[in-house]
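A.B. asks: Sharing a structure here in structure tokens format.
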Amino acid sequence: MGGYLLRRLLQSVVILLGITLITFALLYLLPADPARMIAGRSATAETVTQIRAELGLNESLPVQYARYLARLAHGDLGRSYAQKIEVTELLSSRIGATFLLMLGGIFFELLIGIPAGILAAVRRRTAADQSVMVGAFLGVSAPQFVVGLLLLYILAYKVPVFPLGGFGSLAHLILPAFTLGIAGGGWYARVMRSSMLDVIHRDFVRTAWAKGLSGSRVIWKHTVRNALLPVVSMVGLDIGTFMGGVVVVESVFGWPGIGQLAWQAIQIVDIPVIMGVVMVSAIAIVLGNLLADLVYPLLDPKIRYGG
Amino acid sequence: MLVSVLVAIALVTPPLWGQSSGRASMVVTFKDDISTLDPAIGYDWQNWSIIKSLFDGLMDYEPGTTKLVPHLAQSYTVSADGKTYTFKLRPGIKFTNGRTVVARDVKYSVERVLNPKTQSPGAGFFGNIRGAAAFSAGKTKEVSGIRVIDRSTVAFSLDKANAAFLHTMAINFSHVVPREEVQRLGAQFGHKPVGTGAFRLREWVLGQRLVLERNPNYFLRGRPYLDRITFQVGVEPNVAFLRLQRGQVDVLGDGIPPAQFARVMSDSKLSRLVAVGDQLQTGYVTINTQVPPFTDVRVRRALNMAIDKQRIVRIINNRAVPAKQVLPPLMPGYDREYAGYPFDREQAKQLLAEAGHPNGFSTVLYANNTDPNPRIAQAIQQDLAAIGVKAELKTLAQSTVIEAGGTKGQAPLIWSGGMAWIADYPDANNFYWPILSCAALTPGTWNWAWYCNQTVEKMVEEADALVQSSQASAREAKFREAYRMIMNDAPWIPIFHERRYTMRSARMSGQVALFVDPIHIPVHYDEVKRTSQ
Amino acid sequence: MAGAKSRSRSASIQIRQPPSAWSRVKRNKAAVFGLMVIGLVCTAALLAPWIAPYDPAEQFSDGMTLEGRPLAPSQRFLLGTDLLGRDLLSRLIFGARISLLIGVIANAVALTIGAMFGTAAGYFKGWVSTAFMRATDMMMAFPALILAIALAAILRPSLWIVALVIAMVNWVWIARVIYSVVLTTSQREFVEAAHALGVPTTRIIRKHLLPHLVPTLLVWGTLGISTTVMFEASLSFLGVGVRPPTPSWGGTISESQSFFLEAPWLVAVPGASILLTSLAFNLVGDALRDALDPQLRSV
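Residue numbers (my numbering), protein chains in the order written: chain A, 1 to 307; chain B, 308 to 840; chain C, 841 to 1139.
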């Protein structure tokens, strides 16, 4: 296990480097000039040239990238072009909120999706199954902006149960997390359902269910545990996706996550901030998937990592 | 059961709005983050007026108007040739760190903007101070044209007379900063500002809120009225509107959300809370005069006659007036008599035929992708199609449109909405130099029409030399003539002049104009007050 | 012919083991409903120029109120108008083209790529698995948004770019999930036995693994239509995809969503179309799977 972890971590470093290179190159090739965006609409050509020199944007791609890596090795993510403060400061001011929303979102996804999926599987082809299916499609198809706005309108404005967006307490987290939960819950429900059905009809489990031992707790535990495998994959992926920022939900609820930061940075080509967010997102993705991979053997002991 | 648990949680945890009971306070919302409070750098919608409330310049404007008045300066004189301005500082003005402001601070502040290390977007405004170019290029250690005469007197010498110079002494970039604090804080100065303004920074939680409190030592007695202002950032306009109705917010910093606009205006209670004001803004389509077939002025005039501006204004819920010329109505020099091009499709088609395009032609229209600009661009696209001009629409991220506009020969047509042009100061030359002049034609220019008319250029230069206040009407007349010539050349299709609509809660009072101030954009924080005051 | 034989075999199996009459009827009805919806959408897409009441790009001067608000459904505009005074019904009909193309085809491509990657990674051990899975990590972390912006500025916007970006982004999810399913399935005894017996890999994959992947693939093939259509909307917003004024269901939602409280039909109608279409594919997919593989019929 130790060897496996070490290998994964090394691979992760390679991935991160690869991502920084790709992102850096993309931003370099983008037909937009950060110096011009900083200089603004009233600057002279001299000012733009001077700013470009100040930021080292005249250099070639390899030189700029090497300089970036050198600073990165010291933990220096640079300074935001627009705000002039350190990228690490900007990220740390928002990462806590993103982390909380990620936890809350996954919590609601599982809360909604797992029981619904199990119900649909066990009550297959009944009205319950059909409604879970339609509900899942509804949740997935509904645009998050609209769902969020509706939730705010009904549960925070018309009936002031929750605060009207913002950040600061558990009450603030519930609606945005629930919005994420609705969208993702549909996926989890459907996947859980098909996974359950697959397990139920396998091997001895099928016989046990057919024999009427379906009420047995052992059978239940075995079934659900095995059915959770693809769900674990999805949770791992969700960790990565959510940590990269969910700009729509953050915008509607005024949640100070890194999604909003990234969006604004992209508008003005604030390269250090964009790179910083991409890094955070990449780390989270790698860690999320690693976590999922580590959990698989816990659910299905037959899974081994040979190579 | 679950609902009651959730309700219990919600009731137990206190809301975190910056409402302090018993104080004269105000809450303002913004969608985007506030990037910096450094007057040398801040150039956004959100921070422009906040910076004006934290810092001061030698000059300012009468609240809610475009009239220049001395501010930090007690008085000023202009030399006979118009090239030297001497300002006398008011005595006893202090920075919030306790130190008195002296003339040397004024010189330092402007030099700071001209210093390339500051990366200031405002360096261009002080370009014609003598010695500025040499200083920026690093050839000299100071700007020779700024002279400290004594502790409270500073003089600016210009290369050539510039009638708009006083405006540059009122703009944020010239606001006075204390050198010792800038040097101590370095890049953090933008987040820990120290100025002379009516307010000082109390708290800034990045990405969430920014709180200002009144400066008890502000030099203008009786100002500001408010004790505290809280800015909530990251708030969607639709949600801000809901918060306003629940009494949690006082002013919508981004204005009334378009989705609610019609409803608000027709609701008797809500419409009373609306504040309306003109802006120094024009939205226009630039026609690249260097890209065929737009090299032919007849084609450009034809386009001008093809657009149904009334319909476009309707698309944005009538929150603008159709434009016939370059300057907005609020701008001194606006030509009330100019009729512009009529909306006449037949005449437009005729002109196109005369120019050799009886069947129209294809071209590309760029626009930025934030609402409502794609919609406006599609409306323009349809109007052009009606006269046979098939315009392919490219709605892109703002930075790429700006880049395309500044690249020679690339963008034939650009809808300026969301990007340009709102005046930096209320003078007619601000609509010329950056966006219509020959001097601006360098790579990366904002003169997206790539327009250059030397006759007009000379006329504007002459107008700028008319410095004395007695020459003001002659100057305006010259500008009217210049802009008429420009419209004759038709490098633009002026579409509309936006009016700003916002809402203020019933708790706030003060002249309506202060909530949609054309200079202290968007709100003049020093001057607004609560109804109890 | 093998095909006919297996069909008649499954038909005979169906007759020999009838599920309860009630569930069979219900299932058929659902599938029929699904087919009807798909048929409707395809018809709309194919015959759009002939059945749409108006030109989808035409902005009517009287399609908006004097204050610029869209019109609610009326006799003239059966589904109302949008924020530029264009007929929503016509835009819905023409929009079916884009949505079918993107939602179904781009999604299917992403599905195929992802399934191949996931299966290979889960089945083959060693460096193949590692390489494939790290590749998925990399693709997930890839800043697709920035790529989209760059492509939009450099290239002429076209549907192929949209399809490409969507396929690039979406395949990762299905790959990871398939990977986990294959991982557990391939380590079961019968697979190991088959492998030991020298059964060719492709046959193992086809006969023993694939059937277990079908449910997951089905989920992604159907729910994925919704998310893909919405994703196309955000790509078009960035300027990559369909050029305005070409209508698309996701695009209409995207440009109207902040007006939801004022003109809900602009979001509800295209949203319902997306919902019904993906649901329809799901119903048909379920029925198809039942008919084609009797072993899984009860799954």
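Where is the CB? At the ideal position from N, CA and C, for every residue including glycine.
If you draw a straight line from the alpha carbon of residue 287 of chain A to that of residue 980 of chain C, how long is it in whole angstroms?
C.D. replies: Start at 1 with the first residue of the first sequence, and residue 287 of chain A comes out as number 287. Start at 1 with the first residue of the third sequence, and residue 980 of chain C comes out as number 140. Rounded to whole angstroms, residue 287 of chain A to residue 980 of chain C spans 12 angstroms at the Cα level.
A.B. asks: If the cut is a Cβ gap below 7 angstroms, which residues of chain D does residue 498 of chain B touch?
C.D. replies: Structure shown: chain D not included; protein chains present are A, B and C.
A.B. asks: Can you pull the chain B residues whose beta carbon is under 9 angstroms from the beta carbon of residue 1040 of chain C, in chain order?
C.D. replies: Indexing the third sequence from 1 puts residue 1040 of chain C at position 200. Here the premise fails: no neighbours, minimum Cβ distance about 51 angstroms.
A.B. asks: Would you kindly check if the distance between the Cβ of residue 249 of chain A and the Cβ of residue 148 of chain A is under 8 angstroms?
C.D. replies: Within the first sequence, residue 148 of chain A is the residue found at index 148, counting from 1. Within the first sequence, residue 249 of chain A is the residue found at index 249, counting from 1. Cβ atoms of residue 148 of chain A and residue 249 of chain A: closer than 8 angstroms.
A.B. asks: For residue 710 of chain B and chain A, any beta-carbon pair shorter than 8 angstroms?
C.D. replies: The sequence position of residue 710 of chain B within the second sequence is 403, counting from 1. Yes - at least one Cβ of chain A is within 8 angstroms of the one on residue 710 of chain B.
A.B. asks: Would you verify that the beta carbon of residue 550 of chain B is, or is not, closer than 8 angstroms to some beta carbon of chain A?
C.D. replies: Within the second sequence, numbered from 1, the residue matching residue 550 of chain B stands at position 243. Yes, residue 550 of chain B lies at the interface with chain A (some Cβ there is under 8 angstroms from its Cβ).
A.B. asks: What residues match up with residue 722 of chain B in a beta bridge as DSSP calls it?
C.D. replies: As a first step, residue 722 of chain B must be located in the second sequence, where it is residue number 415. Per DSSP, B:592.
A.B. asks: Starting from residue 481 of chain B, follow its DSSP beta bridges and name the residues at the other end.
C.D. replies: Taking the second sequence and counting its residues from 1, the one referred to as residue 481 of chain B is at position 174. The partner list for residue 481 of chain B (beta bridge, DSSP) is empty, contrary to what the question assumes.
A.B. asks: Should residue 701 of chain B be flagged as near chain C, meaning a C-beta pair shorter than 8 angstroms?
C.D. replies: Start at 1 with the first residue of the second sequence, and residue 701 of chain B comes out as number 394. Residue 701 of chain B counts as touching chain C.
A.B. asks: Report the residue ranges of all alpha helix (DSSP H) runs contained in full by the segment 400-427 of chain B; include only those spanning at least 4 residues, in chain order.
C.D. replies: Entirely contained in the segment 400-427 of chain B, the alpha helix (DSSP H) runs reaching 4 residues are, in chain order, 410-421.
A.B. asks: Is it the case that the Cβ atoms of residue 459 of chain B and residue 398 of chain B are separated by a distance below 8 angstroms?
C.D. replies: As a working note, residue 459 of chain B is residue 152 in the second sequence. As a working note, residue 398 of chain B is residue 91 in the second sequence. The answer is yes: Cβ separation under 8 angstroms.
A.B. asks: Residue 922 of chain C and residue 1096 of chain C - do their beta-carbons sit closer together than 8 angstroms?
C.D. replies: By 1-based counting over the third sequence, the position of residue 1096 of chain C is 256. By 1-based counting over the third sequence, the position of residue 922 of chain C is 82. Cβ distance < 8 angstroms, so residue 1096 of chain C and residue 922 of chain C count as in contact.
A.B. asks: Can you confirm whether the segment 1097-1115 of chain C touches the segment 731-743 of chain B when touching is taken to mean that 3 or more C-beta pairs between the two stretches lie within less than 8 angstroms?
C.D. replies: No, they do not touch.
A.B. asks: Going by other Cβ atoms of all chains shown within 10 Å of its Cβ, with 16 needed for buried, is residue 891 of chain C buried or exposed?
C.D. replies: Working through the third sequence from its first residue, we reach residue 891 of chain C at position 51. Its Cβ having fewer than 16 others within 10 Å, residue 891 of chain C is exposed.
A.B. asks: Write down every uninterrupted run of the alpha helix (DSSP H) in the segment 629-679 of chain B whose length is 4 residues or greater and which is fully enclosed by it, in chain order.
C.D. replies: Segments of the alpha helix (DSSP H) lying fully in the segment 629-679 of chain B: 652-661.
A.B. asks: Would you check if the distance between the CB atom of residue 600 of chain B and the CB atom of residue 344 of chain B is smaller than 8 angstroms?
C.D. replies: One-based indexing of the second sequence puts residue 600 of chain B at position 293. One-based indexing of the second sequence puts residue 344 of chain B at position 37. It is not a contact, given that the beta carbons lie outside the stated cut-off.
A.B. asks: Using a Cβ-Cβ distance cut-off of 8 angstroms, determine whether residue 904 of chain C contacts chain B.
C.D. replies: For the purposes of this step, residue 904 of chain C is taken as the residue at position 64 of the third sequence. Chain B, which has a Cβ nearer than 8 angstroms to the Cβ of residue 904 of chain C, makes this yes.
A.B. asks: Return no unless some Cβ of chain C is closer than 8 angstroms to the Cβ of residue 9 of chain A.
C.D. replies: Along the first sequence, one-based indexing puts residue 9 of chain A at 9. Output row for residue 9 of chain A: interface = no.
A.B. asks: Per DSSP, what kind of secondary structure is residue 1 of chain A in: helix, strand or coil?
C.D. replies: Taking the first residue of the first sequence as 1, we reach residue 1 of chain A at position 1. Three-state result, residue 1 of chain A: coil.
A.B. asks: Taking just the CA atoms, how far does residue 1014 of chain C sit from residue 952 of chain C?
C.D. replies: Working through the third sequence from its first residue, we reach residue 952 of chain C at position 112. Working through the third sequence from its first residue, we reach residue 1014 of chain C at position 174. Cα to Cα, the separation comes out at about 9 angstroms.
A.B. asks: Does the beta-carbon of residue 292 of chain A have 16 or more other beta-carbons within 10 angstroms, so that it is buried, or is it exposed?
C.D. replies: Counted from its first residue, the first sequence places residue 292 of chain A at position 292. Its Cβ being crowded by 16 or more others within 10 Å, residue 292 of chain A is buried.
A.B. asks: Distance cutoff 8 angstroms, beta carbons only. Does residue 630 of chain B sit that close to anything in chain C?
C.D. replies: If you number the second sequence from 1, residue 630 of chain B lands on position 323. Closer than 8 angstroms: no.
A.B. asks: Is residue 978 of chain C helix, strand or coil when you go by DSSP?
C.D. replies: Along the third sequence, read from residue 1 onward, the residue named residue 978 of chain C stands at position 138. If DSSP states are grouped into helix, strand and coil, residue 978 of chain C belongs with the helices.
A.B. asks: Is residue 989 of chain C close to chain B? Criterion is C-beta to C-beta, closer than 8 angstroms.
C.D. replies: Along the third sequence, read from residue 1 onward, the residue named residue 989 of chain C stands at position 149. Chain B, which has a Cβ nearer than 8 angstroms to the Cβ of residue 989 of chain C, makes this yes.
A.B. asks: Where does residue 390 of chain B sit, in a helix, a strand or coil, going by DSSP?
C.D. replies: Within the second sequence, the letter at position 83 stands for residue 390 of chain B. Here residue 390 of chain B sits in coil by DSSP.
A.B. asks: For the beta strand (DSSP E) that residue 801 of chain B lies in, which residues bound it at each end?
C.D. replies: The residue given as residue 801 of chain B occupies position 494 in the second sequence. Residues 799-810.
A.B. asks: Can you tell me whether DSSP reads residue 454 of chain B as helix, strand or coil?
C.D. replies: Working through the second sequence from its first residue, we reach residue 454 of chain B at position 147. Strand.
A.B. asks: Taking only three categories from DSSP, how would you classify residue 815 of chain B?
C.D. replies: Counted from its first residue, the second sequence places residue 815 of chain B at position 508. Strand, per DSSP.
A.B. asks: Please check if any C-beta of chain A sits within less than 8 angstroms of the C-beta of residue 424 of chain B.
C.D. replies: As a working note, residue 424 of chain B is residue 117 in the second sequence. Yes, because at least one Cβ of chain A sits closer than 8 angstroms to the Cβ of residue 424 of chain B.
A.B. asks: Please list, in chain order, the chain A residues whose beta carbon lies closer than 9 angstroms to that of residue 1118 of chain C.
C.D. replies: Translated into the one-based positions of the third sequence, residue 1118 of chain C becomes position 278. Ordered by position in chain A, the residues that pass the 9 angstroms Cβ test against residue 1118 of chain C are 137, 140, 141.
A.B. asks: With 16 as the cutoff for other CB atoms within 10 Å, does residue 1011 of chain C come out buried or exposed?
C.D. replies: Position 171 of the third sequence, counting from 1, holds the residue named residue 1011 of chain C. Residue 1011 of chain C is buried by the Cβ-count criterion.
A.B. asks: Applying a beta-carbon distance threshold of less than 8 angstroms, which residues of chain A neighbour residue 1020 of chain C?
C.D. replies: Translated into the one-based positions of the third sequence, residue 1020 of chain C becomes position 180. 229, 230, 232, 233, 292, 296, listed in chain order.
A.B. asks: Of all the residues that make up the segment 152-164 of chain A, which are near chain B by a beta-carbon distance shorter than 8 angstroms?
C.D. replies: Hits within the stretch, in order: 152, 153, 156, 157, 160, 161, 162, 163, 164.
A.B. asks: When you compare only the Cα positions, how much space is there between residue 559 of chain B and residue 829 of chain B?
C.D. replies: Taking the first residue of the second sequence as 1, we reach residue 559 of chain B at position 252. Taking the first residue of the second sequence as 1, we reach residue 829 of chain B at position 522. In a straight line, the C-alpha of residue 559 of chain B is about 10 angstroms away from that of residue 829 of chain B.
A.B. asks: Can a CB atom of chain B be found closer than 8 angstroms to the CB of residue 1140 of chain C?
C.D. replies: Residue 1140 of chain C cannot be examined here, being either before or after the span of chain C that is shown, 841 to 1139.
A.B. asks: Give the secondary structure of residue 115 of chain A by DSSP, where H, G and I count as helix, E and B as strand, and everything else as coil.
C.D. replies: Indexing the first sequence from 1 puts residue 115 of chain A at position 115. Reduced to three states, the DSSP call for residue 115 of chain A is helix.
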